[in-house]
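Numbering (the UniProt record's numbering), first residue to last: 1 to 84.
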């Protein structure tokens, strides 16, 4: 039986945006639980990347998945802003 490596799956703009938003969620959680300048900066960098990915995805599709990614990103941005 062969095991499929998830990194071999094709990335489209929507899945890329979802992955970026997932990374933001993890980075913001880490910054909130371990508030240092470095973790906050890492969360900000993740947000910037996710904003770009979501913008690219929204150019391709107005699907519920893209809308949900935007909402999740906005929620995590607000959570991080509360820390700062």
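Glycine included, C-beta positions come from ideal geometry on N, C-alpha and C.
Predicted model, so just to flag it, every value in this text is computed and none were measured.
Nearest-angstrom beta carbon gap, residue j and residue i [assumed within contact, 8 Å]
i, j, result
"residue 31", "residue 53", "No, residue 31 and residue 53 are not in contact; Cβ-Cβ is about 19 Å, not under 8 Å."
Sub-8 Å separation of residue i and residue j beta-carbons
i, j, result
"residue 80", "residue 21", "no"
"residue 13", "residue 60", "yes"
When the options are compared against residue i, the one with the closest alpha-carbon
i, options, result
"residue 24", "61, 68, 44", "44"
"residue 77", "33, 34, 38, 51", "51"
"residue 83", "66, 36, 62, 61", "36"
"residue 75", "42, 63, 29, 11", "29"
"residue 11", "62, 64, 71, 56", "56"
"residue 27", "13, 58, 14, 47", "47"
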